[in-house]
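If you read the sequence shown in full-length UniProt numbering, its first letter stands for residue 1, the second for the next number, and so on.
The C-beta atom is built at its ideal place from N, Cα and C for all residues, glycine as well.
Structure first, then comments.
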Amino acid sequence: MRLPPFERFTTFLSMSGAFLIGVIIGAIVLNALHIVQFEAYYHDRIELQAKLLQYEEDIHNLSQYKSQHTVIKSIKLRIEEESNEAARPKLDAMTQSELLKQVREDLSILIGQSIYDIDSNAQFARKILDKKVYRNIFDQDYTIELKTVLLVDNTLQVWMSVRKYTPPPS
Numbered sequence: 001m002r003l004p005p006f007e008r009f010t011t012f013l014s015m016s017g018a019f020l021i022g023v024i025i026g027a028i029v030l031n032a033l034h035i036v037q038f039e040a041y042y043h044d045r046i047e048l049q050a051k052l053l054q055y056e057e058d059i060h061n062l063s064q065y066k067s068q069h070t071v072i073k074s075i076k077l078r079i080e081e082e083s084n085e086a087a088r089p090k091l092d093a094m095t096q097s098e099l100l101k102q103v104r105e106d107l108s109i110l111i112g113q114s115i116y117d118i119d120s121n122a123q124f125a126r127k128i129l130d131k132k133v134y135r136n137i138f139d140q141d142y143t144i145e146l147k148t149v150l151l152v153d154n155t156l157q158v159w160m161s162v163r164k165y166t167p168p169p170s
């Protein structure tokens, strides 16, 4: 039996190999773009869910205390970004929203309180939350420190800094 010369098929094999490599590289690039786009949508969804929860809570509190003009009706929380990046962790959107949700739950005792008693309430909240450890937020522990508490138009605005928790040496 006679075999055909292999030299005839070398160009076909090299072209089909180049085509196959191109298909594989294209699939990798397309998959990477899909993952990046999905992560962006996921982070946007988490942020929007946190905002929706905050807005629903604000609507409930505002409707509950609409006839009372001297009470705290809503709480707005902000995490400060400081210049000392070594001590402060860079928080992603999911961690920020979960941390803000837990802090908002702790500060919810101030909603409905008189704005004239904010001094004693703010000191009370500061004592409660001073260096409080929030555990197991996406397998990390964080401590918060209240920097500024401001009351404007029946809205309590709180600025805080976040640090990763490191347990004290035993």
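Listed as beta-bridge partners of glutamine 96 by DSSP are no residues whatsoever. Secondary structure of threonine 143 (DSSP, three-state): strand. The straight-line gap separating the alpha-carbon atoms of glutamate 105 and threonine 155 is approximately 16 angstroms. Between isoleucine 72 and isoleucine 111, the gap from beta carbon to beta carbon is short of 8 angstroms. Rounded to whole angstroms, the separation of the alpha carbons of alanine 18 and tyrosine 41 is 35 angstroms. Bounds of the beta strand (DSSP E) holding lysine 164 are 155 to 164. Looking at the backbone, the Cα of proline 168 and that of leucine 62 are separated by about 42 angstroms.
Within 10 angstroms of the beta-carbon of tyrosine 116 lie fewer than 16 other beta-carbons, which makes it exposed. Taking C-alpha positions only, isoleucine 75 is separated from isoleucine 28 by approximately 46 angstroms.
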